[in-house]
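Trainee: Below are the structure tokens for one structure; questions will follow.
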Amino acid sequence: MKRLDSTPKKDGFRMPGEFEPHRGSYIIWPERPDNWRLGGKPAQHVFLEVIKKISKYEPITVCVSREQYSNVLNLIPTNGNVRVVEMSNNDSWIRDCGATFVVNDKGALRGIDWTFNAWGGLVDGLYFPWDQDDKIASKMCELERVPRYRLDDFILEGGSIHVDGEGTCMVTSECLLSEGRNSTMTKRQIEKVLCEYLNCTKVLWIPRGIYNDETNGHVDNICNFVRPGVVVLAWTDNKKDPQYAISKEALEYLESEVDAKGRKLEIHKLLLPKPILITKEESLGVDAVDGTLPRQKGDRLAASYVNYYTVNGAIIMPTFNDPNDELAVKTLQELYPDRKIETVYAREILLGGGNIHCITQQVPRG
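Throughout the sequence shown, residue numbering follows numbering that gives the first Met the number 0, covering 0 to 365 in sequence.
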């Protein structure tokens, strides 16, 4: 499909909120043995559960390597809502390497193809090479038969942005100002690119993301738009936890700001699970390879219920066998009264470095 030379803002396109209607979803099947333990088999069971839950509500495309193609065809649900496509990839984080889709008032759809460098390239990236992942966005646009905007000189991951669909974008300074992304650009220059391609007029810069988040603190792990003017924020009441100062800082920042429409934000706290640490068995199940981040026993994982995915009619939410699981379900059900809360025990995704929102990408209905 055509590569566009303009920008979404100039062409009258905007990124909708995730809570707006979807045409469908995308996911990449996990198998990388230096990231997913035991060759990805435990994680595959959880990805399959996510696929089944999403497919109850909207179509989903499963992108899978040649080696796993037949296996996935044998596993997927037969409800007619799942499409399996062979696609080369480096790993399974389609939220970050995949296309960001934009729409206009006439219902047309287009894609944004950001440059992807595995969360920091050779400075502090998480794996090398990442060349196949950087092609995922253009392939998604081909599958959806839509033209794309390609940014060869701007690095961004989909998990580092949230929008309300009404002109407000939310990011973290920790991530977007990190040395491994766009270090030659100023904060103002980065903001200008975001506003031009997402068609926003206001960028909220939360200082930091979840403690020990290896993505340099993606916003999708700490804060999300429930709807315009309403956000949910990852929170802990434990003042001794390093996350407390981070969440308190975020809360104070958000309380001091307004969105693109001039509204004060309604902020709801979503309590985190207790700290989750990698076990010896889990650590030993991951292959040690030069150029990738090792998984060490005792490392704290960046667990957060905020890393949920909004689909047509439902919320797909991670759980951790923690007492706060039930409270998180209750909180989200109150915030999304018209959606069903679907839970997935997501420790295996967390062990890979992210969660349900990180492994999914929406295509808006347009």
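Glycine is no exception: its CB is placed at the ideal position from the N, C-alpha and C atoms. All of these numbers come straight from a predicted model, not from anything done at the bench.
How about R180 and G119: are their beta carbons less than 8 Å apart?
Mentor: If you number the sequence shown from 1, residue 180 lands on position 181. If you number the sequence shown from 1, residue 119 lands on position 120. For R180 and G119, yes; Cβs fall inside 8 Å.
Trainee: I need the boundaries of the beta strand (DSSP E) containing P317, first residue and last residue.
Mentor: Here the question's residue 317 lines up with position 318 in the sequence shown. First-last of the beta strand (DSSP E) with P317: A313 to T318.
Trainee: Using only the alpha-carbon positions, how far apart do P322 and L271 sit?
Mentor: Here residue 322 refers to the residue found at position 323 of the sequence shown. Here residue 271 refers to the residue found at position 272 of the sequence shown. For P322 and L271, the distance between alpha carbons rounds to 10 Å.
Trainee: Quick check on DSSP: helix, strand or coil for Y308?
Mentor: Taking the sequence shown and counting its residues from 1, the one referred to as residue 308 is at position 309. Y308 falls in the strand class under three-state DSSP.
Trainee: Could you check how far apart the C-beta atoms of C168 and L193 are, in whole angstroms? I think they sit under 8 Å.
Mentor: Here residue 168 refers to the residue found at position 169 of the sequence shown. Here residue 193 refers to the residue found at position 194 of the sequence shown. Rounded, the Cβ-Cβ distance is 5 Å, consistent with contact.
Trainee: Just the C-alpha distance for V45 and L300, rounded to the nearest angstrom, thanks.
Mentor: The residue labelled residue 45 in the question sits at position 46 within the sequence shown. The residue labelled residue 300 in the question sits at position 301 within the sequence shown. If you take the alpha carbons of V45 and L300, they lie about 17 Å apart.
Trainee: Can you tell me which of F18, V84, R94 and P241 puts its alpha carbon nearest to the alpha carbon of V225?
Mentor: If you number the sequence shown from 1, residue 225 lands on position 226. Of F18, V84, R94 and P241, the residue nearest in Cα terms is F18.
Trainee: Quick one: is A287 buried, meaning 16 or more other Cβ sit within 10 Å of its Cβ, or exposed?
Mentor: Taking the first residue of the sequence shown as 1, we reach residue 287 at position 288. Exposed.
Trainee: Looking only at its chain, what residues have a beta carbon closer than 6 Å to the beta carbon of T330, apart from the 5 residues adjacent to it on each side?
Mentor: Position 331 of the sequence shown, counting from 1, holds the residue named residue 330. Excluding sequence neighbours, T330 sits near L269.
Trainee: Please tell me whether T318 has its Cβ less than 8 Å away from any Cβ of chain C.
Mentor: The chain inventory of the structure shown lacks chain C, comprising one protein chain alone.
Trainee: In terms of alpha-carbon separation, which member of D123, A302, R13 and Q242 lies closest to T200?
Mentor: Position 201 of the sequence shown, counting from 1, holds the residue named residue 200. Of the listed residues, the one whose Cα sits closest to T200 is R13.
Trainee: Please classify D219 as buried or exposed, where buried requires at least 16 neighbouring CB atoms within 10 angstroms.
Mentor: Numbered from its first residue, the sequence shown carries residue 219 at position 220. D219 should be labelled buried.
Trainee: Nearest by alpha-carbon distance to L103: which of K9, E143 and E85 is it?
Mentor: Along the sequence shown, read from residue 1 onward, the residue named residue 103 stands at position 104. Note on identity: in this sequence residue 103 is Asn, with Leu being the wrong assignment. Closest by alpha carbon: K9.
Trainee: In the DSSP output, what is I27 paired with across the bridge?
Mentor: The residue you call residue 27 lines up with position 28 of the sequence shown. Its beta-bridge partners are C62.
Trainee: Would you mind stating whether E178 and M0 have Cβ atoms separated by less than 8 Å?
Mentor: Stepping through the sequence shown from its first residue, residue 178 is reached at position 179. Stepping through the sequence shown from its first residue, residue 0 is reached at position 1. Taking 8 Å as the Cβ cut-off, E178 and M0 do not qualify as a contacting pair.
Trainee: If you pair each beta-carbon of the stretch 107–116 with each one of the stretch 130–138, do three or more pairs fall below 8 Å?
Mentor: Contact between the stretch 107–116 and the stretch 130–138 is present, because at least three Cβ pairs lie under 8 Å.
Trainee: Under a Cβ-count criterion, where at least 16 other Cβ atoms within 10 Å of its own Cβ denotes burial, should A302 be classed as buried or exposed?
Mentor: Your numbering for residue 302 matches position 303 in the sequence shown. Classification of A302: buried, given that the 10 Å Cβ count is 16 or more.
Trainee: Please tell me whether G23 and E57 are closer than 8 Å, where the distance is taken between their beta carbons.
Mentor: Looking up residue 23 in the sequence shown gives position 24. Looking up residue 57 in the sequence shown gives position 58. Yes.
Trainee: According to DSSP, which residues form a beta bridge with L253?
Mentor: On the sequence shown, position 254 is the one that residue 253 refers to. BP columns for L253 are empty, so no partner.
Trainee: If you compare alpha carbons, which of T183, I340, F127 and I205 is closest to D152?
Mentor: Your numbering for residue 152 matches position 153 in the sequence shown. It is T183 whose Cα lies nearest to the Cα of D152.
Trainee: Anyone know if the C-beta pair for V305 and C222 falls short of 8 Å?
Mentor: Here residue 305 is taken as the residue at index 306 of the sequence shown, counted from 1. Here residue 222 is taken as the residue at index 223 of the sequence shown, counted from 1. Cβ distance < 8 Å, so V305 and C222 count as in contact.
Trainee: Taking buried to mean at least 16 other C-beta atoms within 10 Å of its own C-beta, is Q360 buried or exposed?
Mentor: Taking the first residue of the sequence shown as 1, we reach residue 360 at position 361. Q360 comes out buried.
Trainee: Do the stretch 156–175 and the stretch 207–217 meet, that is, are 3 or more Cβ pairs less than 8 Å apart?
Mentor: Contact holds: three or more Cβ-Cβ distances are below 8 Å.
Trainee: Count the other C-beta atoms from every protein chain shown that fall within 10 angstroms of the C-beta of D236, then say buried if there are 16 or more, exposed otherwise.
Mentor: Start at 1 with the first residue of the sequence shown, and residue 236 comes out as number 237. That one is exposed.
Trainee: Would the beta-carbon of P317 fall within 8 Å of that of V343?
Mentor: Counted from its first residue, the sequence shown places residue 317 at position 318. Counted from its first residue, the sequence shown places residue 343 at position 344. Contact: yes.
Trainee: In this structure, how does DSSP classify Y210 when only helix, strand and coil are distinguished?
Mentor: Taking the sequence shown and counting its residues from 1, one reaches residue 210 at position 211. Correct three-state label for Y210: coil.
Trainee: Going by C-alpha distance, which of H21, T77 and V162 is nearest G106?
Mentor: Here residue 106 refers to the residue found at position 107 when the sequence shown is read from its first residue. It is H21 whose Cα lies nearest to the Cα of G106.
Trainee: Counting along the chain, where does the alpha helix (DSSP H) carrying L175 start and finish?
Mentor: As a working mapping, residue 175 is identified with position 176 in the sequence shown. It spans S172 to L175 - the alpha helix (DSSP H) in which L175 sits, taken as one unbroken run.
Trainee: So is E281 buried or exposed if we call it buried at 16+ other beta carbons inside 10 Å?
Mentor: Locating residue 281 in the sequence shown gives position 282, where the first residue counts as 1. So E281 ends up on the buried side.
Trainee: Does the stretch 64–83 come close enough to the stretch 330–340 to have 3 or more Cβ pairs within less than 8 Å?
Mentor: Contact between the stretch 64–83 and the stretch 330–340 is absent, because fewer than three Cβ pairs lie under 8 Å.
Trainee: Go ahead and pull the three-state DSSP assignment for K273.
Mentor: Position 274 of the sequence shown, counted from the start, is the residue given in the question as residue 273. Of the three classes helix, strand and coil, the one that applies to K273 here is coil, per DSSP.
Trainee: Buried or exposed: Q188, going by 16 or more other Cβ atoms within 10 Å of its Cβ?
Mentor: Within the sequence shown, the letter at position 189 stands for residue 188. Exposed, by the Cβ-count rule.
Trainee: Quick one: Cα of L447 to Cα of V61, how far?
Mentor: For residue 447 there is no data in the structure shown, the boundaries of the chain being 0 and 365.
Trainee: What separation, rounded to the nearest whole angstrom, lies between the Cα atoms of I355 and I50?
Mentor: One-based indexing of the sequence shown puts residue 355 at position 356. One-based indexing of the sequence shown puts residue 50 at position 51. One C-alpha to the other measures close to 10 Å.
Trainee: Which residues mark the beginning and the end of the beta strand (DSSP E) in which F115 is found?
Mentor: The residue labelled residue 115 in the question sits at position 116 within the sequence shown. No beta strand (DSSP E) holds F115; DSSP gives it neither H nor E.
Trainee: Would you identify the three-state DSSP class for V285, choosing helix, strand or coil?
Mentor: Within the sequence shown, numbered from 1, the residue matching residue 285 stands at position 286. Residue state, collapsed to three classes: coil.
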